[in-house]
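In my numbering, each number is its position in the sequence shown, counted from 1, plus 1259. Using N, Cα and C, we set each Cβ at its ideal position, and we do this for glycine too. These numbers come from a predicted model, not from an experiment. First up is the structure itself, then whatever we jot down about it.
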Amino acid sequence: MSTPPTALPADFASAAEQLRGATLRSALAVREIAPPERIAPLSIALAAGVREGTGPDPESVLDSPAGAGRFVLMHDPASAEEWGGDFRIVCYAQAPLELEIGVDPFISDVAWSWLVDALDSRGAQYSYISGTATKVLSSSFGALEARGDGAQIELRASWTPLGDDFAAHAEAWSELLCLLAGLPHEEGVASLTQQRVRAQRSADRA
């Protein structure tokens, strides 16, 4: 964090402790990292990686090829008018996809709905939510031709947390990352198949 602990405002110190005590998915390796510089007077950041397919080195897990992400909570009373509150959350999550899923035209919509559903299912209140969901398709050539075609999904989002339950927001982020990585969903979040059917029905009605 960018300010000595003894100088931390009580509301930010409480929020930071909630994040450190959040119950995150056990499939993830999570640690607190240095937040990006100059994004806010006060901030705290978490990094997570899917444990599957990674070595024993904890640092390698945080950038796991099976899925990885970052979560940053910022605090700046001077930005309250712009943010709609004293706090703002920025998160990032990415994971590889099976090519069949990667070419699905609705996968970006599904990824975004997972974030919203994860927040709502945990009672995480928010406003001013925005973000992008990007799928990347790749083909390998030459010496890399054996890799074949691949796909990846990336989601970047930000929102203003409301209320005082900051742990719920981090828990929703951890659920999102696991879902993107293809891990089983927890109660309250629809499966990939259900989401794709829902998106197709919506398109048919449009």
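DSSP three-state call for residue i: helix, strand or coil?
i: Leu-1396; result: strand
i: His-1444; result: coil
i: Gln-1411; result: strand
i: Glu-1291; result: strand
i: Ala-1416; result: strand
i: Ser-1372; result: helix
i: Ala-1307; result: strand
i: Arg-1457; result: Low local confidence applies: a pLDDT of 49 at Arg-1457 is under 50, so the model's placement there is unreliable, with the coordinate-based value given in what follows. Here Arg-1457 sits in helix by DSSP.
i: Ser-1323; result: coil
i: Ser-1389; result: strand
i: Ala-1383; result: coil
i: Phe-1367; result: One detail in the question is off: residue 1367 reads as Ser in this sequence, not Phe. Ser-1367 falls in the helix class under three-state DSSP.
i: Ala-1286; result: coil
i: Leu-1378; result: helix
Return the Cβ separation of residue i and residue j in integer angstroms, given the expectation that the two are a contact with Cβ distance under 8 Å.
i: Asp-1345; j: Asp-1335; result: 7 Å
i: Ile-1303; j: Leu-1283; result: That belief does not hold up - the Cβ atoms of Ile-1303 and Leu-1283 are roughly 14 Å apart, past 8 Å.
i: Cys-1350; j: Gly-1382; result: About 18 Å separates the two Cβ atoms, so there is no contact after all.
i: Ile-1292; j: Ala-1306; result: 5 Å
i: Ile-1348; j: Leu-1374; result: The Cβ separation is near 11 Å, so there is no contact.
By Cβ distance below 7 Å, which residues in the same chain neighbour residue i in space, the five residues on each side in sequence not counted?
i: Pro-1263; result: Note that Pro-1263 has pLDDT 48, beneath the 50 cutoff, so the model's placement of it is unreliable and the number below is only indicative. Around Pro-1263: no qualifying Cβ.
i: Gly-1280; result: Ala-1426
i: Val-1320; result: Ala-1288, Gly-1308, Arg-1310, Thr-1313
i: Thr-1391; result: Arg-1415
Closer than 6 Å by C-beta to residue i: which residues in its own chain qualify, once you throw out the five before and the five after it? Chain order, please.
i: His-1384; result: Looking at the sequence shown, residue 1384 is not His but Gln. Closer than 6 Å at Cβ, skipping near neighbours: Leu-1421, Gly-1422.
i: Cys-1248; result: A query on residue 1248 cannot be resolved here, the shown segment of the chain reaching from 1260 to 1465 and no further.
i: Val-1395; result: Gln-1411
i: Thr-1393; result: Glu-1413
i: His-1428; result: Ile-1348, Ala-1383, Pro-1420
Give the range of the beta strand (DSSP E) segment to which residue i is assigned.
i: Ile-1298; result: No beta strand (DSSP E) contains Ile-1298, which DSSP labels as neither H nor E.
i: Leu-1356; result: 1346-1356
Considering only C-alpha positions, which residue in the set the options is nearest to residue i?
i: Ala-1354; options: Ala-1269, Glu-1434, Asp-1270; result: Glu-1434
i: Leu-1236; options: Phe-1271, Asp-1368, Glu-1340, Trp-1342; result: Lying outside 1260 to 1465, the shown extent of the chain, residue 1236 is not represented and no answer is given.
i: Ile-1388; options: Ser-1372, Gly-1382, Phe-1365, Ala-1416; result: Ala-1416
i: Gly-1441; options: Ala-1325, Ser-1273, Glu-1276; result: Ala-1325
i: Glu-1430; options: Asp-1270, Ala-1266, Phe-1330; result: Phe-1330
i: Trp-1418; options: Trp-1342, Ala-1272, Ser-1273, Thr-1391; result: Trp-1342
i: Ala-1352; options: Phe-1365, Ala-1339, Ala-1337, Trp-1371; result: Trp-1371
i: Gly-1409; options: Asp-1270, Ser-1338, Leu-1356; result: Leu-1356
i: His-1444; options: Ser-1380, Ser-1386, Asp-1424; result: Ser-1380
i: Glu-1340; options: Ser-1386, Ile-1366, Asp-1424, Phe-1271; result: Ser-1386
What is the residue span of the alpha helix (DSSP H) that residue i lies within?
i: Ala-1272; result: 1269-1279
i: Leu-1438; result: 1426-1439
i: Ala-1248; result: This structure gives no information on residue 1248, because the portion of the chain shown stretches from 1260 to 1465.
i: Ala-1339; result: 1339-1342
Establish whether the CB of residue i and some CB of chain B are separated by less than 7 Å.
i: Pro-1443; result: The structure shown has no chain B; it contains just one protein chain.
Whose C-beta lies closer than 8 Å to the C-beta of residue i among residues of the same chain, with five residues either side of it excluded?
i: Met-1260; result: Because Met-1260 sits at a pLDDT of 49, beneath the cut-off of 50, its placement in the model cannot be relied upon, and the following sentence gives the value as read from the coordinates. Result list for Met-1260: Leu-1267, Ala-1275, Pro-1294, Leu-1301, Ser-1302, Ile-1303, in chain order.
i: Arg-1297; result: none
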